[in-house]
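What follows is one structure encoded as structure tokens, with my remarks underneath.
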Amino acid sequence: MGLLVNGIWQDQWYDTKSTGGQFARQDSQFCHWITPDGSTGPIGKVGFKAEA
């Protein structure tokens, strides 16, 4: 099975030995929140103001 990396398909196998046989997904790069006033979200990252 392959995976998509930066929009390019990579045909590679997952290293399951280091994760005990589990698929370990990378942390999300998108972790900002859309809030009514642009204030920080629940994780403390800067938010974006909601638009109509």
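Numbering-wise, this note's numbering puts 18 at position 11 of the sequence shown, and it's gapless, one number per residue. Where is the CB? At the ideal position from N, CA and C, for every residue including glycine. The model shown is predicted, which means the values in this text are computed figures rather than measured ones.
Practice prompt. Could you name the residues that DSSP lists as bridge partners for residue 55?
Written response: Here residue 55 refers to the residue found at position 48 when the sequence shown is read from its first residue. Residue 55 is bridged to 41.
Practice prompt. Using alpha carbons as the reference points, say which of 35, 44, 31 lies closest to residue 23.
Written response: For the purposes of this step, residue 23 is identified with residue 16 of the sequence shown, where counting begins at 1. Checking every option, the nearest Cα to that of residue 23 belongs to 31.
Discussion item. Comparing C-alpha positions only, which one of 18, 57, 28 sits nearest to residue 44?
Written reply: Locating residue 44 in the sequence shown gives position 37, where the first residue counts as 1. Measuring from the Cα of residue 44, the nearest candidate turns out to be 57.
Fill in: Sheet register partners of residue 16 (DSSP bridge)
Within the sequence shown, the letter at position 9 stands for residue 16. 11.
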